[in-house]
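In the working numbering, the protein residues as written are 48 to 284. Glycine residues also receive a C-beta, built at the ideal position from the N, C-alpha and C atoms.
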């Protein structure tokens, strides 16, 4: 401990270059000690492999016990953090809490799907709700049709199978058709395939090589422009 204090006191009285040199020497000493420690450990493994394995196992158990203690201490700090969060929540008014919840719900609702989440059940259900919202339900017509038809909710034992049943109006059919056409148009616009330029030069052998050449051109095109022009003209050295 006294040696460390002496070294730190001596280092504080040095110039910038001397301080840098002192730090390099300290790193060299640390590396030398680490090398000596590793050589001694390798010698122990060669002379007494069973004892070395026992020592390594004891060190691993000590590290595991230390991690366990740190986790327990961290659990106590987590509990304190939760208690502080609870106390802060007590000072929030009802209007503020509702505004925060509304903001969070809006954020979650507008969050775009990523990668493989595009085709999971939640994304498909959100897409279904968006489509349903574009076709509002006519509650009055629905209740009227339910009152006129006693077998409005039919099951397998109903004798009204094959009857006319509920017939939607022309306006409702037009709404459904327009919604289907809008979906079809959006699906066509969603395609990300780039149009091909028939006048562009062909410098690739397949589609994968084509994309690779585009990446190379973006990265090094400005540096190899003169060389490429000379090769095309046949004037390259």
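Three-state secondary structure (DSSP) of residue i
i           : result
residue 268 : helix
residue 251 : coil
residue 169 : helix
residue 138 : coil
residue 184 : coil
residue 243 : coil
residue 78  : helix
residue 199 : coil
residue 88  : helix
residue 215 : coil
residue 259 : helix
residue 69  : helix
residue 95  : coil
residue 229 : helix
residue 221 : helix
residue 48  : Caution is warranted here: a pLDDT of 48 is assigned to residue 48, below 50, making its placement in the model unreliable, and the coordinate value is therefore given only provisionally. Looking at residue 48 - three-state DSSP - the assignment turns out to be coil, as it is neither helix nor strand.
Whole-angstrom C-beta distance between residue j and residue i, which should lie under 8 Å
i           : j           : result
residue 182 : residue 223 : 6 Å
residue 199 : residue 188 : The Cβ separation is near 12 Å, so there is no contact.
residue 91  : residue 99  : 5 Å
residue 219 : residue 250 : Not confirmed; about 56 Å, so no contact.
Residue i Cβ short of 7 Å to the ligand HEM heavy atom set
i          : result
residue 74 : Although the ligand HEM was asked about, the structure shown includes no ligands whatsoever.
Classification of residue i by the beta-carbon crowding that lies within 10 angstroms, buried from 16 upward
i          : result
residue 48 : Its pLDDT being 48, under 50, residue 48 is placed unreliably in this model, and the coordinates cannot settle the point.
When you compare the region 226–234 with the region 170–185, are there three or more beta-carbon pairs, one atom per stretch, that lie closer than 8 Å? yes
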